[in-house]
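Trainee:
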Amino acid sequence: MKEKAVAAGPDANKKDEDLQKNTEISEGQFLTSNQGVRINDDQNSLKAGPRGATLLEDFLFREKMTHFDHERIPERIVHARGSAAHGVFRVYESMSKYTKAGFLNDPSVETPVFVRFSTVAGSRGSTDLARDVRGFAVKFYTEEGNFDLVGNNIPVFFIQDAIKFPDFVHAVKPEPHNEVPQAASAHDTFWDFVSLNTEATHMVMWAMSDRALPRSLRMMEGFGVHTFRFVNAEGTASFVKFHWKPLLGVHAVGWDEAQNISGKDSDFHRKDLYEAIENGDYPEWEFGVQIVPEEDEHKFEFDLLDPTKIIPEELVPVMRIGKMTLNRNPDNFFAETEQVAFHIGHVVPGIDFTNDPLLQGRLFSYTDTQLSRLGGPNFHEIPINRSIAPVHNNQRDGIHRMTINKGKSSYHPNSVGGGCPFQAGKMDGGFSSYAEKIDSRKVRERSASFFDHFSQATLFFNSQSEAEQMHIVDALRFELGKVETVEIRLRMLMVLKQVDVGLASKVAYGLGLTVPETPEIINHAIPADAEPKAYQPVKVESSLKKSAALSMSNAPKDSIRTRKIAFLVADGVDEASLTTVKQALLAEGAMVEVIAPRGVLVSANKKDIKVDKTLLTTASVLYDAVFVPGGATSVAALLEEGDAVHFLNEAYKHCKAISAFNDARKLLEETYFAKKLPEHNEDKVAMKEGVVIGSNADELAKHFIKAVAQHRFWEREKKGKVPA
Ligand code: HDE
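Just so you know, the sequence shown maps onto residues 1295 to 2018 in this note's numbering.
So this is what it looks like as structure tokens:
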């Protein structure tokens, strides 16, 4: 029977049901071998006597050990370290005007999704808080097949042509002679490459900004990067850029904080995502599109096909067209997060490609890489990768084939199989590529419209707040400071000069260098025998001087949902202030952890209070803010704890909200920021640069909540770097 495209209907559970079929639950079951034989002793191998040699005959031992020996698969060449979650997506209103993609046409359809976030450069076991781009890959299990949106949290890329990808990745990965440094771009080869390959400059600015240090995977934006195509039922196409906008806002940590988190808890982001979902705090993103009609292709100062360029939101606003909610953690990391295989070429009717040369090259790489990573061509049969739309074709056999194809025919056209499976006509939802007109010479060339390497780097830098700009300067000083070859540092200063002279000289000052006078920016994206002048990178004067959407300082700061607040306490704590402030924070959706010197705690009124962490097992860098409740004995005890004072000093250094109730002010007076405390007036709440002190717990809580919502008080940094 000829199958029609399945009618769309709410079916978010379909993928879960599919996964359930492959779920194994051992509860109440006997231990068995892989052949189903029950095992009665899994503690001892079979031996020639209790003290004798192990016998080769022990098939149970051999099966177990052989399986174990092969438990690892090659990690991803890039994006090896990842964390993932299941969820759902729903469009707000039909987008049929622009695309015929079924899941974007019907607001009643809930599409299951699986999302994997990742860092790019580090290995599987590397830290979450590396300065790096974050992968943001979404697999939509639509009724018309899988659509993978394999994006990043930065909207542009380092290179314009896929042929440079192996070079770029070799340069950023640990250096080949000693495999150092892990998960870091702060080394010679990365800066050598990007200083010679100036098309990277825009992306370098993003990577050196706080965008590369997200506070949480739940608080970062996502971008499809390339310009894609939407095609509607009439065959009319428009260009489209994809965005994810987090409903928790866009927030980052600072570099010193990031480095400390890496030491204290290198799984910080992974745990944060997992715990939020376990707590029912489901992360949400709105799906955004920037749509450009075909006829407007050439109306911009940059080329829409150039993946090192954004379309500023001032020029084409982002339309928020739907929402994604992540609501279930994977059951098994390997089976799901590790084995999921994304591919930019997984599209559904209504979504199509453009000639962006980076996109085109990616179309090859993603299937190819799975062949060695997942061992063969049948990785689409692994449960996490399987489409919920039925799969019928004449592809057969290969390693680890799961499907048992019945019948005699495995070719098309056939008559012995009744002609099945049929090709789907247009009315049946068959995919047909957008018939773009192509009439050109076959060349190895880059379009001259790709040679503006600097204008959007400048736009990005100019759009940052003062604090954000300073962080970029610091990041560049740090990274180039780790570069051993002086010529590379100097070359990079020449590149930075193209972005902003002030930026270049500030970085140079930190490095103890002077920005070289004559910029010799050589573009290497040219054939060896070409006339170099024609290919010099240029800076097109951008008519847009600033774009508000590029600065995280403009992101809404009106919520403290899921922020983690530390309560520093010791025996004798004033239970009333602890409870009042805690309740107020919880009511706003924040998370509170009680941190004490030891694992037990008794309040002044002799109540047992649950301790979540001790000063030994946690650190200030793992929280967004600190509160110290009152209680003379508690405060006196904390004053004796160097770790408690350090906790506060570090929180201050990292520009976080800090609050003390009543007599807890004494503890703040022991810190290095004692001189910067707000004046405490008995009945009022005093607040200064995110430090809130007061003796009315309700009032204090209100002010503290506002301070936590501000995320960070970067103005503290202006007064110089502080010890902690
Ligand atoms: Fe990827 N990329 N990439 N990439 N990429 C991979 O595929 C590649 C690029 C991105 O969580 C690999 O399955 C080439 C841009 C993400 O599993 C590999 C080029 C963007 C992930 C590959 C790029 C991305 C990958 C490695 C230049 C943002 C992780 C393992 C032409 C739009 C997906 C794998 C996951 C993974 C190739 C550039 C995003 C080797 C050749 C631009 C989020 O196939």
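Just so you know, even glycine gets a beta-carbon here, dropped at the ideal spot from N, CA and C.
These numbers were taken from a predicted model, which means no experiment stands behind them.
With DSSP collapsed to three states, give me the class of Phe1484.
Mentor: Phe1484: helix per DSSP, three-state reduction.
Trainee: Contact between the region 1850-1870 and the region 1913-1928: three or more CB pairs below 8 Å?
Mentor: With the cut-off at 8 Å, the region 1850-1870 and the region 1913-1928 touch.
Trainee: Here's the rule I'm using: 16 or more other beta-carbon atoms within 10 Å means buried, otherwise exposed. How should Pro1684 be labelled?
Mentor: Exposed, by the Cβ-count rule.
Trainee: How far does the alpha helix (DSSP H) with Thr1619 in it extend, from its first residue to its last?
Mentor: Note, Thr1619: premise wrong, no alpha helix (DSSP H); beta strand (DSSP E) at 1613-1622.
Trainee: According to DSSP, is Asn1328 part of a helix, a strand, or is it coil?
Mentor: Three-state DSSP puts Asn1328 in coil, outside helix and strand.
Trainee: Within its chain, find whatever has a CB closer than 8 Å to the CB of Gln1314; leave out the 5 residues flanking it on each side and keep chain order.
Mentor: If we look at Gln1314 and ignore the five residues flanking it on each side, it has no Cβ neighbours.
Trainee: Please go through the region 1931-2017 and give each complete beta strand (DSSP E) segment of 3 or more residues, from N-terminal end onward.
Mentor: Fully enclosed beta strand (DSSP E) runs of 3 or longer: 1951-1955, 1980-1982, 1985-1988.
Trainee: Tell me the rounded alpha-carbon separation between Asp1486 and Val1832.
Mentor: Cα to Cα, the separation comes out at about 20 Å.
Trainee: Are three or more beta carbon pairs between the region 1344-1352 and the region 1535-1551 nearer than 8 Å?
Mentor: Contact fails: fewer than three Cβ-Cβ distances are below 8 Å.
Trainee: By how many angstroms is the C-alpha of Arg1771 removed from the C-alpha of Leu1933?
Mentor: Leu1933 and Arg1771: Cα-Cα distance of roughly 37 Å.
Trainee: Can a CB atom of chain C be found closer than 8 Å to the CB of Leu1350?
Mentor: The structure shown contains no chain C; it is built from a single protein chain.
Trainee: Can you give the Cα-Cα distance for Arg1428 and Met1764, rounded to whole angstroms?
Mentor: When rounded, the distance between both Cα atoms is 22 Å.
Trainee: Hey, quick one: how far does the alpha helix (DSSP H) through Glu1274 stretch, first residue to last?
Mentor: Because the chain is modelled from 1295 through 2018, residue 1274 falls outside the range shown and cannot be assessed.
Trainee: By alpha-carbon positions, which one of Lys1970, Asp1650, Ala1477, Asp1733 ends up nearest to Ser1743?
Mentor: Here the closest residue by C-alpha is Asp1650.
Trainee: To the nearest angstrom, how far is it from the Cα of Phe1517 to the Cα of Arg1564?
Mentor: The alpha-carbon atoms of Phe1517 and Arg1564 are separated by roughly 20 Å.
Trainee: Figure out for me which residue from Phe1725, Lys1950, Arg1425, Ser1845 has the closest Cα to the Cα of Gln1553.
Mentor: Nearest C-alpha to Gln1553: Arg1425.
Trainee: Which runs of the alpha helix (DSSP H), 4 residues or longer, sit entirely within the region 1712-1794?
Mentor: Complete alpha helix (DSSP H) runs here, min 4: 1749-1757, 1760-1775, 1780-1793.
Trainee: Grab the span of the beta strand (DSSP E) containing Thr2024 for me, first residue to last.
Mentor: Outside the shown range of the chain, which is 1295 to 2018, sits residue 2024, and nothing can be said about it.
Trainee: Confirm the yes/no value for this check: CB of Leu1652, any heavy atom of the ligand PLP, distance under 7 Å.
Mentor: The ligand PLP is not part of this structure, which contains only the ligand HDE.
Trainee: With burial defined as no fewer than 16 other Cβ atoms inside 10 Å of the residue's Cβ, what is the status of Cys1949: buried or exposed?
Mentor: Counting Cβ neighbours within 10 Å, Cys1949 comes out buried, since at least 16 surround it.
Trainee: Would you call the CB atoms of Ser1417 and Gln1454 closer than 8 Å?
Mentor: Contact: no.
Trainee: Output the boundary residues of the beta strand (DSSP E) element that contains Arg1410.
Mentor: Segment 1405-1413, the beta strand (DSSP E) holding Arg1410.
Trainee: Count the other CB atoms, across all protein chains shown, that sit within 10 Å of the CB of Tyr1392; report buried if there are 16 or more and exposed otherwise.
Mentor: Classification for Tyr1392: buried.
Trainee: Among residues of its own chain, excluding the 5 on either side of Gly1445, which ones have a beta-carbon nearer than 8 Å to its beta-carbon?
Mentor: Excluding sequence neighbours, Gly1445 sits near Gly1429, Phe1430, Ala1431, Val1432, Gly1516, Phe1517, Gly1518, Val1519, Phe1536, Trp1538.
Trainee: I'd like to confirm something about Tyr1435: is its beta-carbon nearer than 7 Å to some heavy atom of the ligand HDE, or not?
Mentor: Incorrect: Tyr1435 has no Cβ contact closer than 7 Å to the ligand HDE.
Trainee: Skipping 5 residues on each side, what residues in its chain have a beta carbon closer than 8 Å to that of Gln2004?
Mentor: For Gln2004, where only same-chain residues beyond five positions count, the Cβ hits under 8 Å are Lys1851, Ala1951, Gly1984.
Trainee: Kindly examine the ligand HDE and report whether one of its heavy atoms sits closer than 7 Å to the Cβ of Val1780.
Mentor: No; taking the cut-off as 7 Å, the Cβ of Val1780 has no heavy atom of the ligand HDE nearer than that.
Trainee: Taking 7 Å as the limit between beta carbons, can you name the residues of its chain near Ser1703, skipping five residues before and five after?
Mentor: Contacts found: Val1710, Gly1711.
Trainee: Quick check on Met1497: does DSSP put it in helix, strand or coil?
Mentor: If DSSP states are grouped into helix, strand and coil, Met1497 belongs with the helices.
Trainee: Within 10 Å of its beta-carbon, does Asn1491 have 16 or more other beta-carbons around it, so buried, or fewer, so exposed?
Mentor: Asn1491 is buried by the Cβ-count criterion.
Trainee: Counting along the chain, where does the beta strand (DSSP E) carrying Ser1532 start and finish?
Mentor: Start and end: 1531-1540.
Trainee: To which residues of the same chain is Glu1935 closer than 7 Å at the C-beta, ignoring the five residues directly before and after it?
Mentor: So the qualifying residues of the chain are Pro1891, Leu1909.
Trainee: Which residues mark the beginning and the end of the alpha helix (DSSP H) in which Val1685 is found?
Mentor: Here Val1685 belongs to no alpha helix (DSSP H), and DSSP marks it neither H nor E.
Trainee: Could you tell me how far apart the beta carbons of Ile1682 and Asp1442 are, in whole angstroms, since I believe they sit closer than 8 Å?
Mentor: Going by Cβ atoms, the distance from Ile1682 to Asp1442 rounds to 14 Å, so no, they are not a contact pair.
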